[in-house]
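Colleague: Here you go, one structure.
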Amino acid sequence: MDISIAALRAGDQSAYKALYEQAYWYCASYLLQQGAQETDAKATFNRALEIFWTKMQTPDFELSCQPKTYLYAVCRNLWLKQLRKRKKNPILQDEERLLQEPLPHLVQEEVYFLEEEEADPLLMTAMKALSSMKNTDCQKVLELYYFEKKSHREIEQIMGFADNYSKVKKNSCIKQLKKQLLRLLGQPKA
Amino acid sequence: MDFHSPEWLDAFQQNQLSAEERAATLALAQKDAAYAAELQAHGIAIQAIQDFSRQSAVEKMAQELDEEGLFERPIEQALQTQAAQKQIGQIAQELEAEGFFAQKEEKEKEVKVRPLPRWRPIMGIAASLILLVSLGYWWQKSQSLPSWSQEYAIASAESTQKELQLLLGAQGFGQNEEALRQLQLGLNAYEKKDWTKAKTELLAYQKANSIFAQEETQFYLGHIAFEQGELGSAKSYWQELAQLPSLPPHISEKLPWYQALLALRENQKELAKSYLKKVPQGPYQEKAKELLQTLE
């Protein structure tokens, strides 16, 4: 199945699922050869797909290769990064050899991208707060509005809300989330 | 203008304000630290919602694909299929020895429902069928075989005899273990530069129509032909490969380099230059640039 770049750009979930199916073994076979366990391979691939998805939503991002190749490069980068982390612990000879391999340009770019993200405590706090909201109406409304870009009318239909309630709910939920961030930023009110 | 309203803050984060409105918002943030913090918190909250949602969506996809069997290892499945095939073959032989098929033909003539044969082989067949059907999805995709597992699903509502006939008629399993062995032998010979043996094994592997490492095989066959001076053959292997919509990076990064070398062997300097320009970033690019400079 051909996966349209336009569909990936638009965040079409069925296109990402097709890409997952197409690229998983392509990337996992490399990871398994490099000593990853199956759970590592799955987690690494999932993370790579999230990164790719995020990148595709960035307006100035230009994809210069096949999505599958991009995912392969990101998986490789993530796995090398993982090995670097483990370097503090005794590591296998084979891993030593891998660590000496130079990182291609694409992979380097992704390392910076990830390190930046991980270093942001505010984002981590917000993610944690969202995690505690998981499967609540708040989390669903925020996801529908900010991720799936649904209109308030559509959200009301999906969630079975009364008319004009979606906006009220969304505003109250994001306020709740911001409250925790503002506390960290040293501000008293949301 | 309510600079504090969630709609205003959303519009700011999503670049939906006009240039003047944006400038006014930034000016306020510069004057008012509390507003600057609110603006920042709003942006981070949206980013977190989007990241979190993507994470959940990927997890959901993984779960769905897991249920569809994506994470079952293809090579192991192939070997399991091989084992299942052997088991089926053994059961079929056993049944044949018992005159099962002869009885069936006779009964067909009589148009009577014959009682089921002995329980033991039937239970064995059922266990094998379950294993084979679970492998069917991957196997169909990888080997482009007739959709026998679907046929089986339809037939399963019918008689056990029909199921057995269907399984015995299914072709194509049992090759894979042998194919994988040929690939291994071919690669070993390739590494030792035993081109003749490598070619024999890799051609046999390619003909076995396995899904694994086909691009690599095609590349190696091209390289073997190149090393053996069969330039036309090398060219054809690599041209076919270059026409594929996507290649593994370790092949795509070296293919134009080798195509350039081949063109040079044939004294096609301009063609070689065009290939050298196509060498992507990677271990061959520097060499390609140097060679290109020399040629120019």
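Protein chains in written order, with our numbering: chain A, 1 to 190; chain B, 1 to 296.
Just so you know, even glycine gets a beta-carbon here, dropped at the ideal spot from N, CA and C.
Bear in mind the structure is a predicted one, so any value in this text is a computation, not a measurement.
Whose C-alpha, out of A:Leu-78, A:Leu-130, A:Ile-5, A:Lys-169, is nearest the C-alpha of B:Gln-47?
Modeller: Minimum Cα distance to B:Gln-47 is reached at A:Leu-130.
Colleague: Quick one: which residues of the stretch 39 to 61 of chain B get their C-beta closer than 8 Å to a C-beta of chain D? List them in chain order.
Modeller: As a matter of chain content, chain D is missing from the structure shown, whose protein chains are A and B.
Colleague: Could you give the first and the last residue of the continuous alpha helix (DSSP H) run that contains B:Asp-51?
Modeller: Note, B:Asp-51: alpha helix (DSSP H), 33 to 67.
Colleague: Can you round the beta-carbon distance between B:Ala-45 and A:Lys-178 to whole angstroms, since I take them to be within the 8 Å contact cut?
Modeller: That pair is a contact at about 5 Å.
Colleague: What did DSSP end up calling B:Ser-252 once you bin it into helix, strand or coil?
Modeller: In this structure, B:Ser-252 counts as helix in the three-state DSSP scheme.
Colleague: Between which two residues does the alpha helix (DSSP H) harbouring A:Cys-65 extend?
Modeller: From DSSP, A:Cys-65 is part of no alpha helix (DSSP H); its letter is neither H nor E.
Colleague: Could you name the residues of chain B that A:Lys-178 contacts, counting a contact when the two beta carbons are closer than 8 Å?
Modeller: Correct list: Glu-38, Ala-41, His-42, Ala-45.
Colleague: Kindly indicate which residue of A:Leu-184, A:Asp-2, A:Ala-6 has the alpha-carbon position closest to the one of A:Asp-120.
Modeller: Minimum Cα distance to A:Asp-120 is reached at A:Leu-184.
Colleague: Any Cβ of chain B within less than 9 Å of the Cβ of A:Tyr-165?
Modeller: No, because no Cβ of chain B sits closer than 9 Å to the Cβ of A:Tyr-165.
Colleague: Hey, quick one: how far does the alpha helix (DSSP H) through A:Ala-129 stretch, first residue to last?
Modeller: Residues 121 to 132.
Colleague: State yes or no: is the beta carbon of B:Ser-147 nearer than 9 Å to at least one beta carbon in chain A?
Modeller: In this prediction, B:Ser-147 has a pLDDT of 34, which is less than 50 and means its spatial position is unreliable; what the coordinates show is noted afterwards. With 9 Å as the cut-off, B:Ser-147 does not count as an interface residue toward chain A.
Colleague: Kindly indicate which residue of A:Ile-158, A:Lys-175, A:His-152 has the alpha-carbon position closest to the one of A:Tyr-165.
Modeller: If we check each option's Cα against that of A:Tyr-165, A:His-152 comes out closest.
Colleague: For B:Ser-274, I'd like the list of residues in its chain whose CB is within less than 6 Å of its CB, leaving aside the five on either flank, ordered along the chain.
Modeller: Excluding residues within five positions, none has a Cβ falling inside 6 Å.
Colleague: Below 8 Å, how does it come out for the stretch 263 to 271 of chain B and the stretch 237 to 250 of chain B: are there three or more Cβ pairs, yes or no?
Modeller: No, the stretch 263 to 271 of chain B is not in contact with the stretch 237 to 250 of chain B.
Colleague: Check B:Gly-222 in the structure and name its three-state DSSP category.
Modeller: Helix.
Colleague: So, are the CB atoms of A:Tyr-20 and B:Ala-62 less than 9 Å apart?
Modeller: Yes; because the gap between Cβ atoms is below 9 Å, this pair is in contact.
Colleague: Quick check: the Cα distance between B:Gln-143 and B:Ser-5, rounded to an integer number of angstroms?
Modeller: Only weak support exists for where B:Gln-143 lies, its pLDDT of 38 falling under 50; the coordinates are left without a value.
Colleague: Output, in sequence order along the chain, the residues in the stretch 2 to 30 of chain B whose CB is closer than 8 Å to any CB in chain A.
Modeller: Those residues of the stretch 2 to 30 of chain B that come within reach of chain A (Cβ to Cβ, closer than 8 Å) are Pro-6.
Colleague: So that I know if they touch, is there some Cβ in chain A lying closer than 9 Å to that of B:Phe-173?
Modeller: For B:Phe-173, the pLDDT reaches just 30, beneath the cut-off of 50, and the residue's location in the model is therefore unreliable, although a value from the coordinates is still provided. False, the Cβ-Cβ gap to chain A never drops below 9 Å.
Colleague: List, in chain order, every chain A residue whose beta-carbon is nearer than 9 Å to that of B:Pro-249.
Modeller: Ordered by position in chain A, the residues that pass the 9 Å Cβ test against B:Pro-249 are Cys-65, Thr-69, Tyr-72, Ala-73, Arg-76, Pro-104.
Colleague: Can you round the beta-carbon distance between A:Trp-79 and A:Gln-34 to whole angstroms, since I take them to be within the 8 Å contact cut?
Modeller: Right, their Cβ atoms sit about 6 Å apart.
Colleague: Since B:Ala-57 contacts A:Gln-139 with CB under 8 Å, what's their CB separation in whole angstroms?
Modeller: Contact flag wrong, Cβ pair sits at about 13 Å.
Colleague: Could you check what DSSP says for A:Lys-55 in three-state terms: helix, strand or coil?
Modeller: A:Lys-55: helix per DSSP, three-state reduction.
Colleague: Using three-state DSSP, classify B:His-4 as helix, strand or coil.
Modeller: Three-state DSSP puts B:His-4 in coil, outside helix and strand.
Colleague: What number of angstroms, rounded off, separates the C-alpha of B:Lys-223 from the C-alpha of A:Ile-51?
Modeller: The sequence shown places His at residue 223 of chain B, rather than the Lys named in the question. When rounded, the distance between both Cα atoms is 36 Å.
Colleague: Do you know how far the Cα of A:Thr-58 is from the Cα of A:Asn-171?
Modeller: Their backbone Cα atoms lie some 25 Å apart in a straight line.
Colleague: Here's the rule: buried if 16 or more other CB atoms are within 10 angstroms of the residue's CB, otherwise exposed. What is B:Glu-108?
Modeller: Here B:Glu-108 scores only 49 on pLDDT, less than 50, and its place in the model is too uncertain to base an answer on.
Colleague: May I ask which residues mark the beginning and end of the alpha helix (DSSP H) holding A:Ala-15?
Modeller: Run containing A:Ala-15: 13 to 33, per the alpha helix (DSSP H) assignment.
Colleague: Could you check what DSSP says for B:Gln-16 in three-state terms: helix, strand or coil?
Modeller: Reduced to three states, the DSSP call for B:Gln-16 is coil.
Colleague: Determine, for A:Val-111, whether the minimum Cβ-Cβ distance to residues of chain B falls below 9 Å.
Modeller: Confidence at A:Val-111 is low in this model, with a pLDDT of 49, below 50, so its placement is unreliable and no value can be given for it.
Colleague: So A:Gln-157 contacts chain B; which residues on that side make the cut at Cβ distance below 9 Å?
Modeller: Residues of chain B passing the Cβ test: none, with the nearest at roughly 19 Å.
Colleague: Given B:Arg-118, which residues of its chain have a CB within under 6 Å of its CB, disregarding the five upstream and five downstream residues?
Modeller: Summary for B:Arg-118: the model assigns pLDDT 47, below 50, so the residue's position carries little reliability; its value from the coordinates is reported in the next sentence. Nothing meets the Cβ criterion.
Colleague: With a threshold of 6 Å on Cβ separation, who are the neighbours of B:Ala-272 within its own chain once the five nearest residues in sequence on each side are excluded?
Modeller: Ala-260, Ala-263, Leu-264.
Colleague: Go ahead and pull the three-state DSSP assignment for A:Asp-2.
Modeller: Coil.
Colleague: Using a Cβ cut-off of 9 Å (strictly closer), state whether A:Glu-116 contacts chain B.
Modeller: Interpretation of A:Glu-116 is limited by its pLDDT of 47, a score under 50 that renders its predicted location unreliable; the figure taken from the coordinates is listed afterwards. It does not; no Cβ of chain B falls within 9 Å.
Colleague: So, does the CB of A:Asp-40 fall closer than 9 Å to a CB anywhere in chain B?
Modeller: No, A:Asp-40 lies away from the interface with chain B (no Cβ there is under 9 Å from its Cβ).
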